[in-house]
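The sequence shown begins at 36 in the working numbering and counts up one residue at a time.
So the structure is just underneath, and the comments pick up after that.
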Amino acid sequence: MRWLMPAVASVLAVPLSSGCAIDKGTALAADFEKDWAGTADVAGIHTTRNNTLPFSGTATGVLVLAEGASADLVSERAEALRDYVARHSNITGRITAGGITFTVVAEQRRTREVLALWRSLTADDQVVDGDINNVSRKNTRGWRSEITAADATGAMTVFKDMVSDGGRHRPLSDVTSLTVSSERGVRPGLSVGTGFDGTLPNEAIAAYEAVAAEHPVVSAGLHPDRLTVVVAEGADPVRAGELARSAAPGLGDAVEVRNDSGG
């Protein structure tokens with residue numbers, strides 16, 4: 036049996052490819068970086084890895100395109116990345132361009148839809164940045180979009196455009212959870228979001244708009260099942276709360292209206 040030891044040692048000394056690497060996620064990330072290195076107009080490559088089990092794992096690679104990359108160039112890189120992830124099922128491919136990061140999937144229809152949304156978002160002066168990611172939940176595939184707008188007015192406008200047919204931004208055909216927030220530090224602040232299943236916060240929006248029409252709002256968070264509104268220190272939170280609950284009777288006790296603490 037002594038002859039087995041050198042044989043085992045020689046096997047262990049052989050470099051492992053990503054297909055049989057113990058830390059497969061790490062190897063996949065390294066492959067992504069190597070495969071895309073030197074690509075024209077790619078200013079940076081970011082990767083993350085997930086080594087779930089020995090010889091099992093996944094990786095995510097992000098191509099950061101050069102500033103000012105044209106829409107045609109982004110489309111070309113997205114098509115090339117779509118072909119790449121179709122051949123590398125354990126790698127998630129993403130692109131960052133114009134302040135928006137989006138996931139490229141193997142299915143052409145879905146990638147073209149998200150690319151069209153990228154085009155409209157980057158052309159919208161109210162949009163600061165954003166992230167559009169592919170998600171799978173309970174055998175349902177969809178998207179999770181998180182968008183930052185310049186201010187509260189812009190956040191509400193962008194949100195409504197993204198969830199309504201005929202708006203500036205065409206909704207994705209798959210189920211999409213969406214959150215649009217005003218830029219951090221900007222007052223008044225606003226965050227408005229759907230449910231994970233795409234349910235719209237219609238009552239919360241109606242309540243927020245009713246309060247904002249009569250009271251100065253400092254910040255607000257709007258969701259399908261709850262609403263939080265912070266009004267300015269001198270405003271009457273009781274009256275503001277009555278307005279909100281009247282406009283959103285279905286939310287019941289999930290409506291919170293309070294004064295700004297000044298913190």
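Think of the CB as a built atom: it goes at the ideal place given N, C-alpha and C, for glycine as much as any other residue.
Note that the coordinates shown come from a computational prediction; the quantities given were computed from them, not determined experimentally.
With a threshold of 16 other CB atoms inside 10 Å of the CB of Q143, please say whether the residue is buried or exposed. In the sequence shown, counting from the first residue as 1, residue 143 sits at position 108. Classification for Q143: exposed.
Let's see if you can read the secondary structure: which residues bound the beta strand (DSSP E) around T214? Taking the sequence shown and counting its residues from 1, the one referred to as residue 214 is at position 179. Unbroken beta strand (DSSP E) run through T214: V210 to S217.
I need the DSSP call for S155, collapsed to helix, strand or coil. What you label residue 155 is simply residue 120 of the sequence shown in a count that begins at 1. Three-state DSSP puts S155 in a helix.
Quick one, which of A255, W178 and R274 has its alpha-carbon nearest R145's? Locating residue 145 in the sequence shown gives position 110, counting from the first residue. Answer by Cα proximity: W178.
N125, enclosing beta strand (DSSP E) - first and last residue: Here residue 125 is taken as the residue at index 90 of the sequence shown, counted from 1. First-last for N125: undefined, no H or E at that position.
In chain order, which beta strand (DSSP E) runs of at least 3 residues are fully inside the region 119-207? 126-132, 135-139, 162-172 and 175-184
Nearest to W153 (by Cα), restricted to the options Q161, A141 and I135: Looking up residue 153 in the sequence shown gives position 118. Between W153 and the set Q161, A141 and I135, the nearest pair of CA atoms involves I135.
Three or more C-beta pairs below 8 Å linking the region 215-235 and the region 177-194: yes
Could you check which residue in V139, I182 and T188 has the C-alpha nearest to that of A247? In the sequence shown, residue 247 corresponds to position 212, counting from 1. Cα-wise, what sits closest to A247 is T188.
Taking S171 as the reference, which of L286, G287, T127 and A113 has the closest Cα? If you number the sequence shown from 1, residue 171 lands on position 136. If you compare the alpha carbons of L286, G287, T127 and A113 with that of S171, the shortest gap goes to T127.
Endpoints, the beta strand (DSSP E) within which E291 is located: The residue labelled residue 291 in the question sits at position 256 within the sequence shown. V290 to N294 is the extent of the beta strand (DSSP E) around E291.
If you draw a straight line from the alpha carbon of D260 to that of A239, how long is it in whole angstroms? Numbered from 1 along the sequence shown, position 225 holds the residue referred to as residue 260. Numbered from 1 along the sequence shown, position 204 holds the residue referred to as residue 239. If I take the Cα positions, the gap works out to 8 Å.
Are D164 and T183 closer than 9 Å when you measure CB to CB? Within the sequence shown, the letter at position 129 stands for residue 164. Within the sequence shown, the letter at position 148 stands for residue 183. Yes, Cβ-Cβ distance for D164 and T183 is below 9 Å.
For L116, which three-state DSSP category applies? If you number the sequence shown from 1, residue 116 lands on position 81. Reduced to three states, the DSSP call for L116 is helix.
Checking 9 Å against the spacing of the C-beta atoms, do T267 and A245 come in under that value? In the sequence shown, residue 267 corresponds to position 232, counting from 1. In the sequence shown, residue 245 corresponds to position 210, counting from 1. Correcting the residue identity first, residue 267 is Ala in this sequence and not Thr. It is not a contact, given that the beta carbons lie outside the stated cut-off.
Check L88 in the structure and name its three-state DSSP category. Taking the sequence shown and counting its residues from 1, one reaches residue 88 at position 53. Correct three-state label for L88: strand.
Please say whether R129 and T95 have beta carbons closer to each other than 9 Å? Here residue 95 refers to the residue found at position 60 of the sequence shown. Here residue 129 refers to the residue found at position 94 of the sequence shown. Cβ distance < 9 Å, so T95 and R129 count as in contact.
Along the beta strand (DSSP E) that carries G224, what are the first and last residues, could you check? Along the sequence shown, read from residue 1 onward, the residue named residue 224 stands at position 189. Start and end: G224 to G228.
Reducing DSSP to helix, strand and coil, say where I57 ends up. The sequence position of residue 57 within the sequence shown is 22, counting from 1. Taken through DSSP and simplified to helix, strand or coil, I57 comes out as coil.
Is T281 helix, strand or coil when you go by DSSP? Within the sequence shown, residue 281 is the residue found at index 246, counting from 1. Reading off the sequence shown, one finds Ser at residue 281, where the question assumed Thr. Correct three-state label for S281: helix.
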